[in-house]
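S.K.:
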Ligand code: AMP
Ligand code: MG
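Residue numbers (our numbering): 68 to 656.
#1: Bridge partners of residue 195, per DSSP?
#2: Going straight from the alpha carbon of residue 129 to that of residue 117, what length do you get?
#3: Cβ of residue 496 within 7 Å of Cβ of residue 437?
#4: What would DSSP say about residue 205, mapped onto helix, strand or coil?
#5: Residue range of the beta strand (DSSP E) that residue 480 falls in?
#6: For residue 543, count neighbouring C-beta atoms within 10 Å of its own C-beta (all shown protein chains included) and say buried if the count is 16 or more, exposed if not.
#7: In the structure shown, what three-state DSSP assignment does residue 140 receive?
#8: Please confirm whether residue 391 and residue 448 have their CB atoms less than 7 Å apart.
#9: May I have the straight-line CA-CA distance separating residue 519 from residue 104, to the nearest angstrom?
#10: Which of helix, strand or coil does DSSP assign to residue 564?
#11: So does residue 507 have its beta carbon nearer than 6 Å to some heavy atom of ligand 2?
#12: Should residue 461 be counted as a contact of ligand 1 given a C-beta to heavy atom distance under 6 Å?
#13: Is the beta carbon of residue 556 within less than 6 Å of some heavy atom of ligand 2?
#14: Residues in its own chain within less than 8 Å of residue 528 by CB, not counting five upstream and five downstream?
#15: With DSSP collapsed to three states, give me the class of residue 315.
#16: Please specify which runs of the alpha helix (DSSP H), each continuous and at least 4 residues long, are wholly inside the segment 389–448, giving them in chain order.
#17: Sort 79, 170, 265, 298 by Cα distance to residue 424 and report the nearest one.
#18: Closest to residue 350 by C-alpha separation, out of 343, 358, 332, 340, would be which residue?
#19: Rank 568, 68, 427 by C-alpha distance to the C-alpha of residue 294 and give the top, closest one.
#20: Is it the case that the segment 616–631 contacts the segment 591–608, given that we only count it when at least three CB pairs across the two stretches are under 8 Å?
#21: Hey, is residue 442 close to ligand 2, as in C-beta under 6 Å from one of its heavy atoms?
#22: Assuming residue 345 and residue 321 make a contact with CB atoms under 8 Å, what is their CB distance in whole Å?
#23: What's the C-alpha gap between residue 268 and residue 531?
#24: Closest to residue 170 by CA distance: which of 204, 140, 206, 231 is it?
#25: Counting only the same chain and skipping the five closest in sequence on each side, list residues whose C-beta sits under 7 Å from that of residue 613.
#26: Since I believe residue 356 is in contact with residue 389 (beta carbons under 8 Å), could you give me their beta-carbon distance rounded to a whole number of angstroms?
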């Protein structure tokens with residue numbers, strides 16, 4: 068087995084960073100160093116190549132001081148190989164904060180096939196600092212160092228290597244060289260993409276794997292916390308699929324209307340009963356659907372293909388052995404895993420578990436999820452509408468959507484646009500709630516209180532703003548052990564971000580992956596001539612590979628054009644307008 072270690076290059080003067088160590092720059096609350104070591108977590112050891120030890124002590128890494136410090140990475144990789152016992156080093160520069168586990172695996176897969184140096188490549192560019200170098204290249208490195216040639220590209224010219232093409236848009240190979248580049252990155256990062264926001268949210272969603280036993284009747288809409296195994300074969304005995312006569316197929320194979328075959332009736336058996344005897348040659352037992360087929364018999368002839376009296380039956384159509392015969396275990400055998408842990412329990416699954424004789428089943432406990440709507444303008448449906456007020460729609464919509472996802476909310480309340488009131492309310496509720504969803508108050512207006520609320524709670528802010536229209540100002544934070552997702556107040560903005568973001572949280576909290584939105588390609592059936600500066604999600608109706616727009620009015624503040632919507636059409640930023648016949652991505656509700 069080839070031993071490989073992760074090797075993060077952290078040395079260098081970092082002149083263009085004003086001397087700041089790039090390894091300690093942060094992105095989404097994590098140092099570059101930790102982001103990279105996360106991506107390298109498949110390796111039993113990760114070494115840090117450093118120019119000197121001091122700033123890197125106590126970070127949990129084994130440090131390797133570069134004997135060739137300040138002349139570039141070639142010496143650092145050489146030093147690594149001379150000091151580590153592994154056969155190969157998976158090298159990553161410490162300024163590549165976007166490297167992912169998938170990319171690491173891609174390079175590894177190629178290395179395991181070819182067993183020689185593997186270098187990442189995007190478009191026409193090679194990335195020698197995202198590469199795997201086996202020990203075999205040491206002599207060439209040494210000779211280059213002896214020549215004072217430290218150029219990685221010259222080194223690559225002298226060795227044999229494989230390249231792994233990476234998707235340039237995925238940023239894996241992007242490295243941060245200057246302070247300006249870093250600042251630019253942070254600025255962009257303030258607005259996460261939908262996918263990044265989902266990642267951050269899921270990372271901060273606690274695992275909730277508490278299970279409880281419930282009566283089968285109460286299991287609907289819950290998620291299985293156990294594999295469900297058949298205790299018996301189903302059916303437990305060979306049974307008749309018809310009303311007719313159980314007999315030996317051999318006895319009647321030549322029977323026809325013209326030449327009926329006559330058998331003696333030796334008994335009868337109905338569903339639920341048993342015929343204790345054995346069916347011998349020339350005999351038949353009258354049988355009804357669902358009854359056990361008696362020993363000796365191997366098929367059933369339909370009653371409609373016979374005439375009979377008390378004593379004999381005339382068979383007028385032949386039947387082969389096992390033709391009309393449901394064997395024991397036709398549905399499933401004993402000790403088969405029929406439903407797996409993590410399955411959502413729907414009506415069909417309830418029926419299947421009943422067929423197996425389960426009266427109780429282990430399910431995941433429901434996570435505690437609460438909703439708060441904010442806004443002084445909101446009144447409850449049913450109250451009389453006064454000037455300046457509107458009915459609170461978001462809270463009802465979200466509560467009902469959660470119900471459709473099998474979640475009974477533990478509270479659903481309205482709060483005034485009052486920071487103190489909201490802070491007190493969340494503090495009180497968070498104690499027993501894993502996840503709180505709020506709507507309203509996240510933009511930049513005077514009454515947009517949620518920023519101040521998060522601050523006063525001293526909650527850890529995860530992000531504010533997602534690069535999506537509508538509903539971009541989504542704010543997310545963690546208060547003690549409770550995740551807060553604060554959606555925009557605009558009803559359609561709240562709805563879109565509920566589906567795009569909140570559902571992933573629900574999927575993890577309920578242990579039910581199906582709740583994640585599913586994407587697929589579809590052909591657009593209408594024009595949508597508007598330019599979209601930002602990535603935009605609009606209401607659509609999908610059927611059989613085609614998607615139509617529901618309404619020209621896609622405003623985020625209106626709900627009525629959401630009626631009948633079963634998907635969102637995903638329009639990328641910078642799109643100049645969509646046309647009938649275009650292929651588009653849709654996200655199914
Ligand atoms: P906000 O995000 O609080 O600035 O609200 C944006 C818009 O959505 C305003 O027009 C609000 O009146 C409206 N809005 C806020 N919350 C709700 C709600 N729960 N139901 C219906 N409309 C709302
Ligand atoms: Mg408001």
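Glycine residues also receive a C-beta, built at the ideal position from the N, C-alpha and C atoms. A quick note: this is a predicted structure, and the numbers were derived from the prediction, not measured.
M.R.: The answer reads as follows:
#1: By 1-based counting over the chain shown, the position of residue 195 is 128. DSSP, once it has assigned bridges, lists no residue as partnering residue 195.
#2: To locate residue 129, count along the chain shown from 1; it is residue 62. To locate residue 117, count along the chain shown from 1; it is residue 50. Distance between the alpha carbons of residue 129 and residue 117 is about 10 Å.
#3: Looking up residue 496 in the chain shown gives position 429. Looking up residue 437 in the chain shown gives position 370. Against a cut-off of 7 Å, the Cβ pair of residue 437 and residue 496 comes out as a contact.
#4: Residue numbering aside, residue 205 sits at position 138 when the chain shown is read from its first letter. The answer is helix: DSSP assigns residue 205 an H, G or I state.
#5: Locating residue 480 in the chain shown gives position 413, counting from the first residue. Looking at the DSSP string, the run of the beta strand (DSSP E) that includes residue 480 is 478–482.
#6: Position 476 of the chain shown holds residue 543. Burial call: buried.
#7: Looking up residue 140 in the chain shown gives position 73. Three-state DSSP puts residue 140 in a helix.
#8: Position 324 of the chain shown holds residue 391. Position 381 of the chain shown holds residue 448. Contact flag unset, no.
#9: On the chain shown, position 452 is the one that residue 519 refers to. On the chain shown, position 37 is the one that residue 104 refers to. Taking the straight line joining both Cα atoms gives about 35 Å.
#10: Taking the first residue of the chain shown as position 1, residue 564 is located at position 497. Helix, per DSSP.
#11: One-based indexing of the chain shown puts residue 507 at position 440. Flag set: Cβ of residue 507 near ligand 2.
#12: Here residue 461 is taken as the residue at index 394 of the chain shown, counted from 1. Yes, the Cβ of residue 461 comes within 6 Å of a heavy atom of ligand 1.
#13: Walking along the chain shown from the start, residue 556 turns up at place 489. Yes, Cβ of residue 556 sits closer than 6 Å to a heavy atom of ligand 2.
#14: One-based indexing of the chain shown puts residue 528 at position 461. The answer, listed in chain order, is 521, 542, 543, 544.
#15: Translated into positions along the chain shown, residue 315 becomes position 248. Looking at residue 315 - three-state DSSP - the assignment turns out to be coil, as it is neither helix nor strand.
#16: 414–422
#17: By 1-based counting over the chain shown, the position of residue 424 is 357. Nearest option by C-alpha distance: 298.
#18: Working through the chain shown from its first residue, we reach residue 350 at position 283. Of 343, 358, 332, 340, the residue nearest in Cα terms is 332.
#19: Translated into the one-based positions of the chain shown, residue 294 becomes position 227. For the residues 568, 68, 427, the minimum Cα distance to residue 294 belongs to 427.
#20: yes
#21: One-based indexing of the chain shown puts residue 442 at position 375. Yes.
#22: Mapped onto the chain shown, residue 345 falls at position 278. Mapped onto the chain shown, residue 321 falls at position 254. The Cβ separation is near 23 Å, so there is no contact.
#23: In the chain shown, residue 268 corresponds to position 201, counting from 1. In the chain shown, residue 531 corresponds to position 464, counting from 1. Computed Cα separation, rounded: 12 Å.
#24: Taking the first residue of the chain shown as 1, we reach residue 170 at position 103. Cα-wise, what sits closest to residue 170 is 231.
#25: Your numbering for residue 613 matches position 546 in the chain shown. Result list for residue 613: 589, 590, 592, in chain order.
#26: Here residue 389 is taken as the residue at index 322 of the chain shown, counted from 1. Here residue 356 is taken as the residue at index 289 of the chain shown, counted from 1. So it is not a contact: roughly 17 Å between Cβ atoms.
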